[in-house]
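A quick write-up on the structure given underneath.
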Amino acid sequence: MTSATQRTVEAVWRIESARLTASLARTVNDLGLAEDLAQDALLAALEQWPESGVPDKPGAWLLAVARRRAVDTIRRQVTLERKLALIARETPEGDDPMDAIEFDRHVGDDVLRLMFTACHPVLGRDARVALTLKTVAGLSTDEIARAFLIPSTTLGQRISRAKKTLSNAEVPFEVPVGDELTARLASVLEVVYLVFNEGYAATSGDSWMRAELCAEAMRLGRMLAALAPDEPEPHGLVALMEFQASRLRARTDADGRPVPLDRQDRTRWDRLLITHAEGALRRADHLGGRGSYVLQASIAARHARATSTAGTDWHSIAELYDELSALTGSPVVELNRAVAVSMADGPTPALSIVDKLSEITALRGYHLLPAVRGDLLLKLERRDEARSEFERAAAMTGNEAERTLLLDRAASC
Amino acid sequence: MRVMVLVKATEDTERGVLPTTEEFAAMGAFNEELVKAGVMLAGDGLKPSSAGKRVAFDEKGGSSVLDGPFAETKELVAGYWIWEVSSLDEALQWVRRAPFRNGVVEVRPFYTAEDFGEALTPELREAGVRLRRATGL
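Chains as they are written, first to last, in this note's numbering: chain V, 7 to 419; chain Y, 2 to 138.
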């Protein structure tokens, strides 16, 4: 096979796989079976296209092949006769079915169903992430395994188990309605943001693949926002990811050392992503969204709009953290609020927030608490106390570069 | 990767012939597909070169303004998209789906951070992220 054709097949797959799998899943009402059928169609394309050339309507070609396989598979399963009738009815008769088959107008809804099903709460978090990247993003098992630094066989088993779990639990292939929608949507959003952070936080592994994960998450987020346009949180998540990603190229220096936000070259921020993020945030605001992704995106927007740290609207950032803190009850958010308050109103009110946090068990051992406290004490010229806080923070972190940085700060007190 | 998709001018676009209702609808459907696939970042159409100007620089950095229209129709740009795709091949497959009948579409990748090396070590990256969070950013 020529590598050019293979690349073309892969490119077509990236465009078609979600719609193909989704359309099949609606027909057979089983995500696992649909995914198998879609993979069969992919194999057929890899075998045949080098000889026959790429068809004019590659999506329709793949769907026709997969549907034929579906009929074959289900014929062998007498118990599923009802489904056979369903498929037979949906498969047009004619000399060349390839001409007749096109994706119907509900295909967007199908992809949305696919996202909700792959992120069903009956699955564990890892399983949801793996299944979403496989069926919605169209990544291969090898690619996902590489990105998450686990053996391909392990990832393959994880996906098989997930498909079996969905099948055993008889999870219907549908978009939830009413109250259930909010909870289920949160599960989808969580998976997308997990993928993003896996790339953004890049603790190890193939850096190219990690950057791809960020791009993949943004793509999934934009898909979700476009398919569920009346929900504010997907727009908020898109904005949040894009604001964060807009700083990717400014947050490390030429030697790869991290550059903190107040020293970043803001001209290197990705203006196009910021513009796109602003658009997404406007839509979320317009829909009246005040959920956690919308609030986080609003905070990120304040930074993106500022030309310098001093020129940043810290008052409104502190207010947004206040709202976010009330919403999530997270002590980490509260710690972030303290930093914003310090920038807006000075170190004294910030220190009283941090001191309240020191009593919280969940933050015990969290090195950023003494790191922030040390910073505030230093601003108050309480140098001895600041030094011991930085030293405490340095002892807590497991990260070498960070420890060095904290010890440097301690030494400079 | 990010690409700019340049729709080259034709005699029609240069004459300012507007698309028909059907053509508008087809392009709208294509754009909707791009948005729902999460690849579209931006896109717009440009007026004919008769509405445009050029600024030409000489060797000393002096400049002069030239009025449109410009002659070399096939080299002119009539519209553009900016897409975020997984590969150049994916971009080409998307272009092949575009509802054009005539003309040429050119796909050009952007320079990105990846082109400037991947010197950053995992430890440094992690430190950067933690510090970013420490400052609430």
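All C-beta atoms in this analysis are idealised placements derived from N, C-alpha and C, irrespective of residue type, glycine included.
Check your understanding: Can you name the residues of chain Y whose CB is closer than 7 Å to the CB of V/H282?
Key -> Taking the first residue of the first sequence as position 1, residue 282 of chain V is located at position 276. Result: L42.
Practice item. Work out the CA separation of Y/G39 and Y/G53 for me, nearest whole Å. Key: Start at 1 with the first residue of the second sequence, and residue 53 of chain Y comes out as number 52. Start at 1 with the first residue of the second sequence, and residue 39 of chain Y comes out as number 38. Their Cα atoms are separated by approximately 32 Å.
Point to revise | Where V/V18 meets chain Y, residues with beta-carbon distance less than 7 Å | key: In the first sequence, counting from the first residue as 1, residue 18 of chain V sits at position 12. Going along chain Y in sequence order, the residues near V/V18 (Cβ under 7 Å) are Q94.
Exercise for review: With 7 Å as the limit, tell me which residues of the region 76 to 89 of chain Y have their beta carbon closer than that to any beta carbon of chain V; keep them in chain order.
Suggested key: I83, E85, S87, S88
Review point. What does DSSP give as the partner residues of V/M121 in its beta bridges?
Key: For the purposes of this step, residue 121 of chain V is identified with residue 115 of the first sequence, where counting begins at 1. For V/M121, which the question treats as bridged, DSSP gives no partner whatsoever.
Check your understanding: From what residue to what residue does the beta strand (DSSP E) around Y/E85 run?
Key -> Indexing the second sequence from 1 puts residue 85 of chain Y at position 84. DSSP places Y/E85 inside the beta strand (DSSP E), whose first and last residues are 78 to 85.
Check your understanding: Would you say V/I107 faces chain Y, with C-beta separation under 7 Å as the test?
Key -> Mapped onto the first sequence, residue 107 of chain V falls at position 101. In this predicted model, V/I107 has a pLDDT of only 42, less than 50, meaning its place in the structure is not dependable; the value taken from the coordinates is given anyway. No, because no Cβ of chain Y sits closer than 7 Å to the Cβ of V/I107.
Check your understanding: What residues of chain V sit near Y/E23, judged by a beta carbon separation below 8 Å?
Key -> If you number the second sequence from 1, residue 23 of chain Y lands on position 22. Within chain V, no residue comes near Y/E23; the closest Cβ sits about 17 Å away, beyond 8 Å.
Check your understanding: Grouping DSSP H, G and I as helix and E and B as strand, with all else coil, what is Y/K9?
Key -> Walking along the second sequence from the start, residue 9 of chain Y turns up at place 8. Three-state result, Y/K9: strand.
Practice item. Would you check if the region 264 to 271 of chain V and the region 219 to 234 of chain V touch, i.e. whether three or more CB-CB distances between them fall below 8 Å? Key: no
Review point. For V/L137, does the count of other Cβ atoms within 10 angstroms reach 16, so buried, or fall short, so exposed?
Key: Within the first sequence, residue 137 of chain V is the residue found at index 131, counting from 1. The residue is buried, with at least 16 neighbouring Cβ atoms inside 10 Å.
Point to revise | Length-filtered (4 minimum) alpha helix (DSSP H) runs lying within the region 349 to 392 of chain V | key: 353 to 363, 374 to 385
Review point. Where does Y/M2 fall in DSSP's three states?
Key: Within the second sequence, the letter at position 1 stands for residue 2 of chain Y. It is coil, neither helix nor strand.
Exercise for review: Can you give me the Cβ contacts of V/F122 inside the same chain, cut-off strictly under 7 Å, excluding the 5 residues immediately before and after it?
Suggested key: Stepping through the first sequence from its first residue, residue 122 of chain V is reached at position 116. Close CB contacts of V/F122 within its chain, under the 7 Å cut and outside five residues either way in sequence, are with V181, P182, R190, V194 (chain order).
Point to revise | Beta-carbon proximity list for V/E329, same chain, < 8 Å, skipping 5 on both sides | key: Residue numbering aside, residue 329 of chain V sits at position 323 when the first sequence is read from its first letter. Same-chain partners within the cutoff: R296, L301.
Practice item. Have a look at the DSSP bridge pairing and note the partners of Y/S65. Key: Along the second sequence, read from residue 1 onward, the residue named residue 65 of chain Y stands at position 64. Y/S65 pairs with Y/A57.
Check your understanding: With distances taken between CB atoms, is the gap from V/S158 to V/A151 smaller than 7 Å?
Key -> As a working mapping, residue 158 of chain V is identified with position 152 in the first sequence. As a working mapping, residue 151 of chain V is identified with position 145 in the first sequence. Taking 7 Å as the Cβ cut-off, V/S158 and V/A151 qualify as a contacting pair.
Exercise for review: Classify V/P178 as helix, strand or coil using the three-state DSSP reduction.
Suggested key: Residue numbering aside, residue 178 of chain V sits at position 172 when the first sequence is read from its first letter. DSSP places V/P178 in the coil class of the three-state scheme, outside both helix and strand.
Point to revise | Host alpha helix (DSSP H) of V/G285 (start-end) | key: Position 279 of the first sequence, counting from 1, holds the residue named residue 285 of chain V. Taken as a continuous stretch (DSSP letters only), the alpha helix (DSSP H) holding V/G285 covers 277 to 292.
Point to revise | Buried or exposed by the 16-neighbour rule on C-beta atoms within 10 Å, applied to V/R216 | key: For the purposes of this step, residue 216 of chain V is taken as the residue at position 210 of the first sequence. When all chains shown are included, V/R216 counts as buried.
Review point. Would Y/G46 count as contacting chain V if we go by Cβ distances under 7 Å?
Key: Sequence index remark: in the second sequence, residue 46 of chain Y carries index 45 (1-based). For Y/G46, not one C-beta of chain V is nearer than 7 Å to its own C-beta.
Practice item. Note down, in chain order, all residues in the region 223 to 235 of chain V with a beta-carbon under 8 Å from any beta-carbon belonging to chain Y. Key: Hits within the stretch, in order: M224, R225, L226, G227, R228, M229, A232, L233.
Check your understanding: Applying the criterion that 16 or more other CB atoms from any shown protein chain within 10 Å of the CB defines a buried residue, is Y/N103 buried or exposed?
Key -> Locating residue 103 of chain Y in the second sequence gives position 102, counting from the first residue. The residue is exposed, with fewer than 16 neighbouring Cβ atoms inside 10 Å.
Review point. What separation, rounded to the nearest whole angstrom, lies between the Cα atoms of V/I323 and V/V244?
Key: Taking the first sequence and counting its residues from 1, the one referred to as residue 323 of chain V is at position 317. Taking the first sequence and counting its residues from 1, the one referred to as residue 244 of chain V is at position 238. Approximately 19 Å, taken between the alpha carbons.
Practice item. Give me the Cα-Cα distance between Y/E24 and V/V339, rounded to the nearest whole angstrom. Key: Within the second sequence, numbered from 1, the residue matching residue 24 of chain Y stands at position 23. Within the first sequence, numbered from 1, the residue matching residue 339 of chain V stands at position 333. Computed Cα separation, rounded: 50 Å.
Review point. Cα separation between V/L155 and V/Y199?
Key: Here the question's residue 155 of chain V lines up with position 149 in the first sequence. Here the question's residue 199 of chain V lines up with position 193 in the first sequence. Cα to Cα, V/L155 sits roughly 18 Å from V/Y199.
Check your understanding: For V/N223, which of V/D291, V/A290, V/Q250 has the nearest alpha-carbon?
Key -> If you number the first sequence from 1, residue 223 of chain V lands on position 217. Checking the sequence shown, residue 223 of chain V turns out to be Ala, not Asn. Comparing alpha carbon positions, the residue from V/D291, V/A290, V/Q250 closest to V/A223 is V/Q250.
Review point. According to DSSP, what are the bridge partners of V/P264?
Key: By one-based count along the first sequence, residue 264 of chain V stands at place 258. Answer is V/T258, bridged to V/P264.
Exercise for review: Measure the alpha-carbon distance for V/G404 versus V/T410 and round it to whole angstroms.
Suggested key: As a position in the first sequence, residue 404 of chain V is number 398, starting the count at 1. As a position in the first sequence, residue 410 of chain V is number 404, starting the count at 1. Taking the straight line from one Cα to the other gives about 11 Å.
Check your understanding: Does DSSP put V/L191 in a helix, in a strand, or in coil?
Key -> Position 185 of the first sequence, counted from the start, is the residue given in the question as residue 191 of chain V. DSSP places V/L191 in helix when its eight states are reduced to three.
Check your understanding: By how many angstroms is the C-alpha of V/T141 removed from the C-alpha of V/R370?
Key -> Along the first sequence, one-based indexing puts residue 370 of chain V at 364. Along the first sequence, one-based indexing puts residue 141 of chain V at 135. One C-alpha to the other measures close to 40 Å.
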